[in-house]
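Below is one structure, written out as structure tokens; comments come after it.
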Ligand code: NDP
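Numbering (the working numbering), first residue to last: 1 to 474.
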């Protein structure tokens with residue numbers, strides 16, 4: 001069994017306590033994870049603070065060089081990373097449409113290299129006889145990153161790389177469900193980055209809270225649930241920490257009467273069930289005009305019926321298990337509520353394999369707003385399909401919840417779709433697609449889905465503060 005350690009101040013550090021990381025496909029133990037104490041967290045934060053002056057004083061080119069070396073070293077361990085990711089998270093090695101662990105790993109490399117290539121340069125806003133005035137961007141200090149269990153490696157990179165390239169140092173705390181790939185990454189990074197620049201502190205139950213109230217952490221970036229995001233915001237007030245909160249969503253997709261169903265059914269399926277639905281910006285509520293409702297339900301059902309759910313290590317598996325038992329119970333409860341309300345299950349809806357936390361791909365129609373499956377985030381492989389006759393109703397439905405991460409409009413009339421899209425209350429709107437993110441396009445939520453954006457120049461700026469420099473010329 002592979003051994004894992006915390007990474008603090010450039011060293012592997014063992015702990016007194018350990019906890020088991022469970023493979024959700026068969027409930028076996030993947031490995032023992034070191035459980036950090038709050039004292040070890042404090043040591044990690046102190047190391048990050050001590051490393052900050054030298055790291056932030058390097059040029060972008062010098063930091064980029066290190067991060068590119070990190071990408072190469074991670075790439076050299078591709079197979080080990082992909083297998084470990086499948087074992088701790090559950091997603092298939094390849095999976096449906098090649099959106100499995102290999103996809104997450106490929107995204108990890110692409111995001112390191114692309115983000116490390118970016119740079120924030122001073123912006124001159126005045127240069128005349130009176131004065132030269134420029135806006136400079138300065139690193140904040142120590143960034144605390146708290147990552148979730150759905151894309152443990154990729155979201156870790158989304159947090160770490162923009163923080164590091166802009167000159168911050170990092171203490172990352174991976175989810176206790178999926179800490180291993182992050183610890184593995186930290187082990188590789190410790191031989192490349194100066195000591196203290198990147199610290200990995202796994203733990204459970206007390207580390208997250210100790211980070212959000214830590215006086216020497218200058219910013220927290222968190223991806224996870226809205227209630228935990230609100231708790232972080234409260235304790236971050238102590239030292240006015242900067243925050244980026246990427247919280248839950250319940251994205252609506254609206255399919256108009258003129259949509260080309262044959263062309264879009266596959267895309268709607270893929271973007272609803274990507275990572276078994278455990279994706280913050282997956283399509284989670286599908287509103288379909290009555291003119292194309294039956295046709296789309298049939299096309300989606302045909303695709304769903306050809307899918308195989310199973311152990312992600314098997315080459316022919318399309319979808320793996322849910323990552324953890326708690327999430328499986330949420331999905332089962334939402335399905336039960338839908339059944340009690342008389343909804344129609346087009347496929348799935350029953351657990352058939354209890355070897356792991358499996359739930360089949362499930363499509364539900366004859367369901368309305370107000371059902372728990374529509375109003376609450378399922379974060380799993382079950383999609384409600386709701387019929388509408390007037391697009392105004394669909395827009396009202398899409399906007400009626402407190403969350404606002406993404407949304408989509410599907411139509412052959414692009415102008416009309418864009419006009420409807422602009423009325424959706426969400427951070428990203430896709431036309432004839434959903435859940436697509438890329439390193440240079442800002443991504444973030446509104447309302448209870450959080451604030452702050454990831455990716456692109458806007459994403460880098462989240463890890464800096466402005467210093468305005470006014471040089472008088474007279
Ligand atoms: P949470 O959203 O509750 O996050 C758990 C993490 O937050 C742990 O690392 C925990 O660390 C930390 N934490 C808890 N309290 C605090 C605090 N006060 N300050 C700082 N950190 C804290 O995760 P769950 O796994 O319970 O997921 C719940 C739901 O979130 C899911 O059902 C799903 O709907 C959604 N979700 C959304 C994701 C997204 O991408 N937006 C990803 C994953 C889940 P510690 O234990 O050490 O305190």
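Quick reminder that beta carbons are idealized off the backbone N, C-alpha and C, glycines included.
Only a predicted model underlies this, so the values are computations on that prediction, with no experimental measurement involved.
By Cβ distance below 7 Å, which residues in the same chain neighbour residue 447 in space, the five residues on each side in sequence not counted? Same-chain partners within the cutoff: 402, 403, 404 and 425.
Between residue 328 and the ligand NDP, is there a pair consisting of the residue's CB and a ligand heavy atom that are separated by less than 7 Å? Within the chosen limit of 7 Å, the ligand NDP does not reach the beta carbon of residue 328 with any heavy atom.
Exposed unless 16 or more other CB atoms sit within 10 angstroms - verdict on residue 302: Classification of residue 302: exposed, given that the 10 Å Cβ count is below 16.
Could you check what DSSP says for residue 218 in three-state terms: helix, strand or coil? If DSSP states are grouped into helix, strand and coil, residue 218 belongs with coil.
State buried or exposed for residue 190, treating a residue as buried only when at least 16 other CB atoms are found within 10 Å of its CB. Buried is the call here.
Every unbroken beta strand (DSSP E) within the segment 121-188, with a cutoff of 3 residues, ordered by chain: Entirely contained in the segment 121-188, the beta strand (DSSP E) runs reaching 3 residues are, in chain order, 123-127, 131-139, 142-146 and 169-173.
Under 8 Å between the Cβ atoms of residue 491 and residue 133? It is not possible to answer for residue 491, since the shown part of the chain is limited to 1 through 474.
Measuring only from the beta carbon, is residue 199 closer than 7 Å to any heavy atom that is part of the ligand FAD? The ligand FAD is not among the ligands present in this structure, which contains only the ligand NDP.
So, helix, strand or coil for residue 242, using DSSP? Reduced to three states, the DSSP call for residue 242 is strand.
From the DSSP output, which residues share a beta bridge with residue 371? Looking at the DSSP assignment, residue 371 forms a beta bridge with 369.
Which residue wins for smallest C-alpha separation from residue 253, given the options 270, 238 and 245? Per the Cα distances, 270.
Enumerate in chain order the residues of its own chain whose CB-to-CB distance from residue 9 is below 6 Å, with the five nearest sequence positions on each side excluded. Apart from the 5 residues on each side of it in sequence, residue 9 sits with its Cβ closer than 6 Å to the Cβ of 47, 195 and 196 in its chain, given in chain order.
Residue 160 versus residue 342: straight-line alpha-carbon distance, rounded: Their Cα atoms are separated by approximately 46 Å.
From the DSSP output, in three-state form, read off residue 355 for me. In the structure shown, residue 355 sits in coil (DSSP, three-state: anything other than H, G, I, E or B).
Where do the N-terminal and C-terminal ends of the beta strand (DSSP E) with residue 32 fall, by residue? Start and end: 29-35.
Return yes when the Cβ of residue 31 is within less than 8 Å of the Cβ of residue 203, no when it is not. Not in contact: residue 203 and residue 31 (Cβ atoms no closer than 8 Å).
Can residue 74 and residue 108 be called in contact, C-beta distance under 8 Å? Cβ atoms of residue 74 and residue 108: closer than 8 Å.
Would you give the residue range spanned by the alpha helix (DSSP H) that residue 457 belongs to? Residue 457 -> alpha helix (DSSP H) spans 456-461.
DSSP state of residue 17, grouped into three classes? Under the three-state reduction of DSSP output, residue 17 falls in the strand class.
Is residue 145 near the ligand NDP, going by C-beta to nearest heavy atom under 7 Å? Not under cutoff, so the answer is no.
Could you check whether the segment 119-134 touches the segment 15-31, counting it as contact only if at least three pairs of C-beta atoms, one from each stretch, sit closer than 8 Å? Contact fails between the segment 119-134 and the segment 15-31, because fewer than three Cβ pairs, one in each stretch, are under 8 Å apart.
Taking the Cβ atom as the reference point for each residue, do residue 421 and residue 409 lie within a distance shorter than 8 Å? Closer than 8 Å, so yes.
Measuring only the C-alpha atoms, how far is residue 492 from residue 463? Residue 492 lies beyond the range of the chain shown here (1 to 474); nothing can be said about it.
Between the CA atoms of residue 369 and residue 251 - distance to the nearest angstrom: Each residue's CA atom was taken as its position, placing residue 251 and residue 369 some 13 Å apart.
Nearest neighbour of residue 45, chosen from 355, 337, 153 and 216 [CA to CA]: Measuring from the Cα of residue 45, the nearest candidate turns out to be 216.
Report the residue from 61, 219, 165 and 312 whose alpha carbon sits nearest the alpha carbon of residue 111. The candidate whose alpha carbon is nearest that of residue 111 is 165.
Would you list the one or two residues that DSSP bridges to residue 447? Paired residues: 403.
Could you check whether the Cβ of residue 44 sits closer than 8 Å to any Cβ belonging to chain C? Note that chain C does not occur in the displayed structure, where there is just one protein chain.
Going by alpha carbons, who is nearest to residue 283 out of 324, 428 and 172? Of the listed residues, the one whose Cα sits closest to residue 283 is 428.
How big is the Cα-Cα spacing for residue 168 and residue 260? Going from the Cα of residue 168 to the Cα of residue 260 covers about 47 Å.
Can you determine whether any heavy atom of the ligand NDP sits closer than 7 Å to the C-beta of residue 150, and answer yes or no? Flag set: Cβ of residue 150 near the ligand NDP.
Flag this pair as touching only if the segment 76-92 and the segment 56-65 have three or more C-beta atom pairs under 8 Å; answer yes or no. At 8 Å Cβ cutoff, the stretches do not touch.
Which term fits residue 400, buried or exposed, when burial requires 16 or more other beta carbons within 10 angstroms of its beta carbon? So residue 400 ends up on the exposed side.
Determine the closest residue to residue 406 out of 181, 256, 281 and 84, with distance taken between C-alpha atoms. Cα-wise, what sits closest to residue 406 is 281.
Do residue 439 and residue 458 come within 8 Å of each other at the CB atom, strictly closer than that value? Going by C-beta atoms, residue 458 is not nearer than 8 Å to residue 439.
Compare the C-alpha of residue 154 against each of 103, 292 and 453 and name the closest. The option with the nearest alpha carbon to residue 154 is 103.
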